[in-house]
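Colleague:
Residue numbers (my numbering): 43 to 626.
(1) Contact between the region 225-238 and the region 117-136 is defined here as three or more beta-carbon pairs at a separation below 8 Å; is this criterion met?
(2) With distances taken Cα to Cα, identify the nearest neighbour of residue 294 among 330, 366, 275.
(3) Thinking just about the alpha-carbon of each residue, which of 533, 585, 475, 563 is nearest to the one in residue 542?
(4) Please name the residue, chosen from 392, 334, 118, 622, that lies closest to residue 369 on a Cα-to-Cα basis.
(5) Count the CB pairs spanning the region 370-388 and the region 416-431 that are closer than 8 Å, and state whether there are at least three.
(6) Just confirm the distance between the C-beta atoms of residue 126 and residue 320, as a whole number of angstroms; I'd bet it's less than 8 Å.
(7) From the DSSP output, in three-state form, read off residue 96 for me.
(8) Please state if the CB of residue 357 and the CB of residue 89 are separated by a distance shorter than 8 Å.
(9) Can you tell me which of 163, 215, 211, 480 puts its alpha carbon nearest to the alpha carbon of residue 194?
(10) Hey, how far is the Cα of residue 585 from the Cα of residue 203?
(11) Can you give the beta carbon distance from residue 564 to residue 539, rounded, assuming they're within the 8 Å contact cut?
(12) Give me, in chain order, the residues of the same chain whose beta-carbon lies closer than 8 Å to that of residue 554; leave out the 5 immediate sequence neighbours on both sides.
(13) Apart from the five residues on each side of it in sequence, which residues of its chain come closer than 7 Å, Cβ to Cβ, to residue 489?
(14) Between the region 264-276 and the region 77-87, can you find at least three pairs of beta-carbon atoms closer than 8 Å?
(15) Does the beta-carbon of residue 54 have 16 or more other beta-carbons within 10 angstroms, so that it is buried, or is it exposed?
(16) To the nearest angstrom, report how far apart residue 317 and residue 537 are at their CA atoms.
(17) Of all the beta strand (DSSP E) runs that stay within the bounds of the region 453-513, which reach a length of 3 or more residues?
(18) DSSP on residue 157, reduced to helix/strand/coil?
(19) Output yes or no for whether 8 Å exceeds the beta carbon distance between residue 146 and residue 182.
(20) Given this structure, state the Cα-to-Cα distance separating residue 374 from residue 417, to the nearest angstrom.
(21) Of all the alpha helix (DSSP H) runs that stay within the bounds of the region 405-460, which reach a length of 4 or more residues?
(22) Just the Cα atoms here: how many angstroms apart are residue 524 and residue 567?
(23) Rounded to a whole number of angstroms, what is the C-alpha to C-alpha distance between residue 528 and residue 465?
(24) With DSSP collapsed to three states, give me the class of residue 171.
(25) Since residue 578 is in the alpha helix (DSSP H), which residue starts that stretch and which ends it?
(26) Please classify residue 350 as buried or exposed, where buried requires at least 16 neighbouring CB atoms within 10 angstroms.
(27) Go ahead and label residue 199 buried or exposed: buried means 16 or more other beta carbons lie within 10 angstroms of its beta carbon, across all protein chains shown.
(28) Kindly indicate which three-state DSSP category residue 595 falls into: helix, strand or coil?
(29) Along the chain, which unbroken stretches of the beta strand (DSSP E) at least 3 residues long are found entirely within the region 330-357?
(30) Tell me the rounded alpha-carbon separation between residue 144 and residue 209.
(31) Sorted by chain position, which residues of the same chain lie with C-beta nearer than 6 Å to residue 191's C-beta, five sequence neighbours on each side aside?
(32) In angstroms with no decimal places, state the Cα-to-Cα distance between residue 180 and residue 447.
(33) Where does the unbroken beta strand (DSSP E) through residue 179 begin, and where does it stop?
(34) Per DSSP, which one or two residues make a beta bridge with residue 151?
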């Protein structure tokens, strides 16, 4: 059977086989079929976050990655997947075989995740897409969870008694629209399949889930994957697909080609996310061909690469750095110190000296890891307050609410952060990044005064990033106002950049896309005309993955914010940016 007309027509058979030392030794139920393809030893798993590989065995530790809301509430699970490793393409039945050992030893869960489509990570929010999660939980139960792409939580979750522990063999078969779950040759039950693998692709994720009160050694121990293979069944086709080449073809008719002709060092950039970069070939091609600088949208934020105290995992962040290197792009790294995107453990201690040590240790470790690999850092992100009272009665306008760094150290945290970043990577340019500073008013005045104080104290701040998020018509600022601020910074010997521009327009906004083009082109023109403005970057480049999507609905409704639409077609904004370069 094959796929046709967007309708799910194929018969999928997924068999997960793991050997159970405590009595579960059967091979489960499968259709029987082609030759096994060893996915573990013959392919790259070194870039799988949360794992270490040795002698053909993959040890899976508990990362506990979670995504918190902008107000620091919540904590949606954000388990990793193997983007830079193998995935499957099938037009019919297939079998996946996995062998896991150390299951149940720490009282937590050991999980294999098979994604029909990989999740999309927006700013501090994860959109789940169709996937199957199967594992052995505390107490030896086998649990199967199904996401259908219509909600954050599993659409179906079912647990089966097994008594499994140690080294485990489990079988899950998908026949038609039903998953059959078996262990030791015994059928445990069935789970309805909503068409998880309807698009014919399977991506792999591995998770270790430790108990809340587990010690650090137990969390590090996790479990071990000793076998992973796949084979086609019933004469159907199955291909193992390796990760794509990172290097993309250049184009002379591109934004980066125009930026190279400016006559001085100037970069045109965008924020990039690793999930679509490895799974969407058109996104990848545009990213590599159009831009000379990338900003990691999420991968460098603490809750992604430093999810637990003393536990760092750079695999996703390193992937973006490798992409940049392959395509001769600079990396503007974002961000070292922020009041958002923090793992819960960074907020747990209220001892000022311990908070200071946490910040300095994080900066030294992370900036040290990327020393020589990134050109620039957003050292401190969004230090200015949203509270109008913070700008009155002699207050300096700095954010105190929800910022553990300000609460522990006051304004000095900014000095300390920049000095620590400079020590860790002396050649990187160091930026302070802020929103709403493009317009006249108390926010800009306070930011300017802050930068002036920092320079007077000898703090190594090289530049200021103006985010230029124009979420509403009232956010749209005359380019000449922006120009005056860039020139004010030049008098202080400080560089400027447009760091995160997007311009959402509504369906009912007359000539909305023309307005969008005008706004972007106006800010770019200022940057090209002011010598201390070093780069122009948008926050993403396509509405397909734009962070201004409406996440109040599921799946999210894409916005109209960026130079390419959700079908990756260029908009008037793209053409205007090209023209602005030509006119410079």
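Virtual Cβ for every residue (Gly too), placed ideally from N, Cα, C.
Modeller: Here's the rundown:
(1) no
(2) 330
(3) 475
(4) 334
(5) yes
(6) 7 Å
(7) strand
(8) yes
(9) 163
(10) 45 Å
(11) Contact doesn't hold; Cβ gap of about 15 Å is too wide.
(12) 547, 548, 602
(13) 426, 476, 479
(14) yes
(15) Legend: pLDDT at residue 54 = 39, less than 50; position of this residue unreliable, no value from coordinates given.
(16) 32 Å
(17) 471-476, 505-508
(18) strand
(19) yes
(20) 6 Å
(21) 446-451
(22) 11 Å
(23) 27 Å
(24) coil
(25) No alpha helix (DSSP H) contains residue 578, which is instead part of the beta strand (DSSP E) from 575-580.
(26) buried
(27) exposed
(28) coil
(29) 335-338
(30) 6 Å
(31) 171, 172
(32) 38 Å
(33) Looking at the DSSP string, residue 179 is not in any beta strand (DSSP E), and its letter there is neither H nor E.
(34) 251
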